[in-house]
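Trainee: In this note's numbering, the protein residues as written are 19 to 190. Quick reminder that beta carbons are idealized off the backbone N, C-alpha and C, glycines included. Since we're looking at a predicted model, the values are computed, not measured. Following this message is one structure expressed as C-alpha cells.
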Ligand SMILES: [Zn+2]
Ligand SMILES: [Zn+2]
C-alpha cells in the first residue's frame, strides 16, 4: 500500500552521483529505478549476479524487473564505474571499482565457485612492460585464474578436464 512512500531510504552510496553525472552526459534518463540498482552494487564489495541484485532489491522492498537491472548494469559497465566478470558459472557478475581492493585479480574455484581476490604488483609491472613494448597506453587489465581452491583440494576434489565448469556445483 505504501508503494510511493518515501520513508527514509537507505543512505545512498557516495558513488551514486558519478553515475547520475554519467547518465546526464549520455543524455539518458536519471530514473529512481536505475539509481536503486546502482546503489545496490555500490553498497557492497561482493561480485553480484543479476539474480543476487534482484534479491537485494526485494529486501529493500523494490520490485524491479530483470530487464531494467540488465540494462542498468550495461550502462554502469560502459560508464567504467563497474566491471563485469565471467567466472564461468553461467552468469555475469558485477563489482564496482571503488571496493576494498583497488586493482585486483581473481582466483575462481570451479568446484565451490569461491572467488578470491588478490593483488600482484608484479602483474602491474608486466602490464606496463608489455604495453610499452607495443606502444600501448594501458588503462586496466583483467586476469582470472580458474582452478581448485585449497579447501576443495583438501576435500579430495580433483580437476575434471571435460570443460571448465563442473556440473556438481549448481546444487547449492
Ligand atoms: Zn573450492
Ligand atoms: Zn573482485
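Give the single residue among 101, 170 and 169 whose Cα lies nearest to the Cα of residue 120.
Mentor: By one-based count along the chain shown, residue 120 stands at place 102. Looking at the Cα atoms, 101 is the closest of the given residues.
Trainee: So, at 7 Å on beta carbons, what are the nonlocal neighbours of residue 6 in its own chain, with the 5 sequence-adjacent residues on each side left out?
Mentor: No answer is possible for residue 6: it lies beyond the span of the chain, which begins at 19 and ends at 190.
Trainee: Since residue 127 sits in a beta bridge, which residues does DSSP pair it with?
Mentor: Here residue 127 refers to the residue found at position 109 of the chain shown. According to DSSP, residue 127 bridges with 165.
Trainee: Just to check, is the beta-carbon of residue 76 closer than 6 Å to a non-hydrogen atom of ligand 1?
Mentor: Here the question's residue 76 lines up with position 58 in the chain shown. Not so, every heavy atom of ligand 1 lies at least 6 Å from the Cβ.
Trainee: Quick one: what's got a C-beta closer than 6 Å to residue 116's C-beta in the same chain, skipping five residues either side?
Mentor: The residue given as residue 116 occupies position 98 in the chain shown. These residues qualify, in order along the chain: 33.
Trainee: CB residue 54 to CB residue 80, shorter than 7 Å?
Mentor: On the chain shown, position 36 is the one that residue 54 refers to. On the chain shown, position 62 is the one that residue 80 refers to. Against a cut-off of 7 Å, the Cβ pair of residue 80 and residue 54 comes out as a contact.
Trainee: Which residue or residues does DSSP assign as beta-bridge partners of residue 78?
Mentor: Position 60 of the chain shown holds residue 78. Paired residues: none, contrary to the question.
Trainee: Looking at residue 162 and ligand 2, is the gap between the Cβ and the nearest heavy atom below 6 Å?
Mentor: The residue you call residue 162 lines up with position 144 of the chain shown. Every heavy atom of ligand 2 is 6 Å or more from the Cβ of residue 162, so no.
Trainee: Cα separation between residue 191 and residue 126?
Mentor: Look at the range of the chain in this structure, 19 to 190, and you will see that residue 191 is not part of it.
Trainee: Within its chain, find whatever has a CB closer than 6 Å to the CB of residue 161; leave out the 5 residues flanking it on each side and keep chain order.
Mentor: Counted from its first residue, the chain shown places residue 161 at position 143. Answer for residue 161: 123, listed in chain order.
Trainee: Quick check: the Cα distance between residue 36 and residue 90, rounded to an integer number of angstroms?
Mentor: The count along the chain shown starts at 1 and reaches residue 36 at position 18. The count along the chain shown starts at 1 and reaches residue 90 at position 72. Roughly 14 Å separates the two Cα atoms.
Trainee: With burial defined as no fewer than 16 other Cβ atoms inside 10 Å of the residue's Cβ, what is the status of residue 191: buried or exposed?
Mentor: Any answer about residue 191 is impossible in this case: the structure gives the chain only from 19 up to 190.
Trainee: If you measure from each residue's Cβ to the nearest non-hydrogen atom of ligand 2, which ones come out under 6 Å, in chain order?
Mentor: Spelled out in chain order, the answer is 65, 113, 122, 124 and 135.
Trainee: Return yes when the C-beta of residue 130 is under 6 Å from any heavy atom of ligand 4, and no when it is not.
Mentor: You won't find ligand 4 in this model; what it holds is ligand 1 and ligand 2.
Trainee: Give the DSSP bridge partners of residue 102, in chain order.
Mentor: By one-based count along the chain shown, residue 102 stands at place 84. Answer by DSSP bridge pairing, in chain order: 112.
Trainee: Among the residues of its own chain, which have a CB less than 8 Å from the CB of residue 171, if the five just before and after it don't count?
Mentor: Taking the chain shown and counting its residues from 1, one reaches residue 171 at position 153. So the list is empty, once near-sequence residues are dropped.
Trainee: Between the beta-carbon of residue 145 and the beta-carbon of residue 156, is there less than 7 Å?
Mentor: As a position in the chain shown, residue 145 is number 127, starting the count at 1. As a position in the chain shown, residue 156 is number 138, starting the count at 1. Their beta carbons are under 7 Å apart, which means residue 145 touches residue 156 by this criterion.
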